[in-house]
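Line by line, the protein sequences are chains A and B.
All letters in the first sequence, in the order written, are residues 668 to 1191 by the working numbering.
All letters in the second sequence, in the order written, are residues 10 to 530 by the working numbering.
Quick notes on the structure that follows.
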Amino acid sequence: MTSSMLNLPTSIPWLTILGVVPLVGSVVVLLLPRARETMAKQVALAFSLVTLVLTVVLALGFDAASSAPFQFAEKYEWIASLGISYSVGVDGIGLVLIALATILVPIVMLSGWNDVAPGTTGRGTVKGYFALMLALETCMVGVFAATDVFLFYVFFEVMLIPTFFLIGRFGGAQRAYASVKFLIYSLVGGLLMLAALIGLYVVSADVLGQGTFDFMQLVGIDIDPGTEKLLFLGFFIAFAIKAPLWPFHTWLPDAAREATPATAVLLIGVLDKVGTFGMIRYLLPIFPSASQWFAPLVIAMAVIGIIYGALVALGQSDMKRLFAYSSMSHFGFIALGIFVFTSQGMSGSVFYMIAHGLATAALFIVGGYLMSRRGGSSLISDYGGVAKVAPILGGFFMFAALSALALPALAPFVGEFLVLLGTFERYIVIAVIATIGIVLSAAYALRLYQKTMTGPVAPGIDGMKDLGGREFTSLFPVFALTLVLGVIPGIALNVINPAVDRTLTTVGLTDPQPVLTGTEGGQP
Amino acid sequence: MSGVLSASVVADTFTLPTIDYGALAPVLIVAAAAVIGVLVEAFAPRGARRPLQLVLVFGSLIAAFVAVVMHAGIRQLDGGGAVAIDGPGLVLQGAVLLISIVGAMLMAERMVDPAGDAFAARASTLPGSEDERQFSSRGFLQTEIWPLMLFAVTGMLLFPIANDLLLLFVALEVMSLPLYLLVGMARRRRLLSQEAALKYFILGSFSSAFFLFGSALLYGYSGSIKFGKIAEAIAGNPGQNMLILVGVGMVAVGLLFKIGAAPFHQWTPDVYQGAPTPVTAFMAAAVKVAAFGAILRVFYVIFGGLRWDWQPMLWVIAILTMLIGAIVAVTQTDVKRMLAYSSIAQAGFILLGVIAANPAGLRGAIFYLVAYAFTTLGTFAVVTLVRDSTGEATHLSKWAGLAKTSPLTATVFAIFLLSLAGIPLTSGFIGKFAVFTAAIEAGAMPLVIVALFASLIAAFVYGRVIVLMFFADPPADPPAVVVPSAFTTLAIAISVAVTVVLGIIPQPFLTLLEQAGVFIR
């Protein structure tokens, strides 16, 4: 008996179809004549919506109570000589992240409908923009669905290419610089990961007799402790650059500033989650003892990131850089929740990945609408009193700011709260320090709102148009989802929790028993 | 009195070798076609030469390839042990032939240069002289390049199967001499081309001398020029010996020169830049395959037992080659020179497969060679298309904004660059992956770390060109991308196809390499 809402036939390669649909869309869009710009946009949106519908079908068919580690699993030989297979499958964590990606793609397409227009700074064509987004969607589905470490690596690296072009061809004035910086940082991580990947293969060849990249076979193999630490570092640095954790974050503000809002949402909202996803999926189960050995270091980096990111965000005069540093602070929370090794902390992290994806989308999209109305300026000082002139825009901006500061009843609150709870179980002091980050986030988010939306109407703001129908349509789903997940987080947590528990069991850790000290408690 | 020496002399009394001409068919077909090509040049009327030569070139190369395929199962020593026809040798021969076919397509192109083709109307005329002007204005097009090319291919076919030092030397010279000439035959920038040819010739001769001296020392040590015998002599005489160490070093210098490994790489940028671009493409691809084939055989077969002695030397050379190639490529402003330095770096990566000294290393190196060769053919083919009034627009600043004017060309070039950078789903990535895996298996982790570092620098170089093509504005006088004839179009299409297919479904080729096995003695 299954507890899924929909019984899907297992003979159909669902995940492969999910990955191929956007790729086909990408090719179709590219083949359209250059002049048919509207048609290219419509076709691209249609393909992304089909993908979304497929994801919903998949989610309904997902059995949260199943004991199988991966569902919708497929496996085909790919490069047998090197133990590489094309194998995909999802657990709860993979599923919610795929859902995040496929939800955000149509939203950003809608929001970026007129990003490539005559007079914008970018070089590329309309169809190129939308085709790249679809190609990126394929990579995002692939990277979260892969259950072969090599396949994961392939998607991890190939993802760079569409992102690189999205930043470099469609961004702001410094886009070439930002895109190269992004590429170099990512390649550094990618190459370290490649070294570790090959090392892991060689170890598996020693231990198992035949080298393999199959995730399930690699879990629990016996690695010499010294080697394990080195391999851990190779993967970890790649993930830490991707996520990005302090001190590997310096590419993010530039990329976020130069990219279009749509690219920035995909980059920070989804792609950066690959780093934290990789930590949960690969680092902890394959290198359990190294993960524990390095945990204090990672926790320290995470906490520094939380405070540092928030402080720097507080001092920003540029809105997009502020968003980027605020994200960096929030990535600290995600990493913290993973490396405290409690089920609440890790569930919180995964939930926060989703919530942060939505919050990022809200911030960048509404921020993008605001900036596009003021000639693209992202300087906070150029704005003031916008809420009076454009109340709907102001309202959404308020919502985005509140969701960034994790107001209760919004999704990010649930994530942050669970992470802090999970941290508190093990490290009270760390939890206290991390909480300062929340206070700081309230400070920068509210300061941003106050400076831009309230007060006297700044020159150039007068007569600003309020949000139109397309813009409203793109923001509303984000708003609704953030609210729904904030009020009934169980719909996501039910799917996430079993996968988290399985991961922690693999690592060999259990939640600490509540210890009651003093006299006021007492045994039941 | 009758010591070891005389015993070996007795053993080596001259016996007439038996030769299986069938097994040598690929070499013989191409050599025969080259000789016929010379006769065509001498006797056929001017107008008939090109069609005849093209039939000869493509016919012989294809026939030779068919012969290689038909011999796929042969594993034998031939010609009294002078040649070893074995799996890796046959795969390398097949690769050389396919690369030569694509290279010949590029040389046959006559649509991209309004003056005719990429070669001087008459190579013997002085640059800038009245003669030269006469020949050019009368529209003379030369066809001597074809027999020269076929002779070079003959050498390349012999190179990876040569199993004694003398034959190896002969193959080396048969391969090199026609190439020296071809390098000097550019139609445009002739002084640069001739300077490159002379430089290549002098340095090449110098390295040949090293090779010969080393061979003499090895002969002095072992009393034989046969690889198998030398290996036996080394195995029977453990312990170091100056004669053998110096011999190994000098033979290695001669071979490493041909692949452009540092510190023997100085000729590469000048020659790649000066040579007619189709010749550069052919050389960069085919010479590397053939020469690496010989290096692999020499180091695996003869020097296998001396691994501990030569590995440190190759470590140093590989590190130098990778780093010099990648770092100096950063400073280049000419696309051909940049590709030349990148080819040096790539040679360093392939050396990792040699250093690994295990079957996985051999397979990885061959895979990398084939992947690299086709990608390189493609890159230089694209270079021939981007032109302004003075010929090819090789200065990188001219390539700015190329995606705006010709998106297809820019995209194709980007695919090649991504493959050279080793991005997944391209052949270059699988190649790197294979050699790095072999090197780590052999315990050369530090070397792989250096290689990754060099890959990163190289990736920056390639990334910069992509940025230039896609993200920058075209210059005031943008070069035109000419529409080539079917020859170049087909060559580029094949290169793209190989680059992508080997990147996505490498298994069939890997299976072939596994079946090929290792070198025989």
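Glycine included, every Cβ here is placed at the ideal spot set by N, Cα and C.
- Judged by their CB atoms, residue 426 (chain B) and residue 457 (chain B) are not nearer to each other than the 9 Å cut-off.
- Around the beta carbon of residue 82 (chain B), fewer than 16 other beta carbons sit within 10 angstroms, so the residue counts as exposed.
- Between residue 516 (chain B) and chain A, the shortest Cβ-Cβ separation is below 9 Å.
- The Cβ atoms of residue 737 (chain A) and residue 761 (chain A) lie closer than 9 Å to each other.
- Distances from the CA of residue 361 (chain B) to each of B:392, B:294, B:453 and B:393 were compared; the closest alpha carbon is that of B:453.
- For residue 230 (chain B), the uninterrupted alpha helix (DSSP H) segment begins and ends at 199-231.
- Note on residue 172 (chain B): 16 or more other CB atoms within 10 angstroms of its CB, so buried under the neighbour-count rule.
- Per DSSP, the unbroken beta strand (DSSP E) holding residue 757 (chain A) starts and ends at 751-757.
- Counting only the Cα atoms, residue 134 (chain B) lies some 22 Å from residue 53 (chain B).
- Contact between the region 1092-1100 of chain A and the region 1053-1061 of chain A is absent: fewer than 3 CB-CB pairs across the two stretches fall below 8 Å.
- The three-state reading of DSSP puts residue 128 (chain B) in strand, counting E and B together.
- Taking the CA atoms as reference points, residue 864 (chain A) sits about 14 Å from residue 822 (chain A).
- Inter-residue distance for residue 113 (chain B) and residue 127 (chain B) is about 12 Å (C-alpha atoms, whole angstroms).
- DSSP places residue 997 (chain A) in the helix class (H, G or I) of the three-state scheme.
- Per DSSP, residue 241 (chain B) is one residue of the alpha helix (DSSP H) stretching across 236-244.
- 842, 843, 846, 847, 850, 851, 854, 855, 858, 859, 861, 862, 865, 866 and 868: these are the residues of the region 838-868 of chain A whose beta carbon lies less than 8 Å from some beta carbon of chain B, given in chain order.
- For a cut-off of 8 Å, the C-beta gap from residue 477 (chain B) to residue 405 (chain B) is around 6 Å, short enough to register as a contact.
- Residue-level contact check: residue 484 (chain B) does not touch chain A, since none of the beta carbons of chain A fall below 9 Å from its beta carbon.
- Residue 895 (chain A): member of the alpha helix (DSSP H) spanning 892-909, first to last residue.
- Taking 9 Å as the CB threshold, residue 824 (chain A) lines the interface with chain B.
- Burial of residue 224 (chain B) is indicated by the presence of at least 16 other C-beta atoms within 10 angstroms of its C-beta.
- By the beta-carbon neighbour count (other beta carbons within 10 angstroms, threshold 16), residue 837 (chain A) is buried.
- Beta bridge pairing from DSSP links residue 794 (chain A) with no other residue.
- Positions of the alpha helix (DSSP H) runs, each at least 4 residues long and wholly inside the region 1130-1166 of chain A, are given as 1136-1154 in order along the chain.
- By the neighbour-count criterion, in which a residue is buried when 16 or more other Cβ atoms sit within 10 angstroms of its Cβ, residue 64 (chain B) is exposed.
- By the neighbour-count definition (other C-beta atoms within 10 Å, threshold 16), residue 139 (chain B) is an exposed residue.
- For residue 827 (chain A), a Cβ of chain B is located within less than 9 Å of the residue's own Cβ.
- Collapsing the DSSP output to three states places residue 28 (chain B) in coil.
- Annotation: residue 1070 (chain A) to residue 1083 (chain A) spans about 11 Å, alpha carbon to alpha carbon.
- Closest option to residue 1012 (chain A), judged by alpha-carbon separation, among A:795, A:734, A:725 and A:1087: A:1087.
- Against chain A, a Cβ distance below 7 Å from residue 472 (chain B) picks out 847 and 850.
- In the three-state scheme derived from DSSP, where H, G and I count as helix and E and B as strand, residue 740 (chain A) is classed as strand.
- Where residue 318 (chain B) is concerned, the enclosing alpha helix (DSSP H) starts and stops at 316-339.
- By the criterion of a C-beta distance shorter than 6 Å, residue 503 (chain B) is surrounded in its chain by 111, once the five residues flanking it on both sides are discounted.
- Counted as a single uninterrupted DSSP element, the beta strand (DSSP E) harbouring residue 85 (chain B) occupies residues 85-87.
- Listed along chain A, the residues sitting closer than 8 Å to residue 458 (chain B) by beta-carbon distance are 862.
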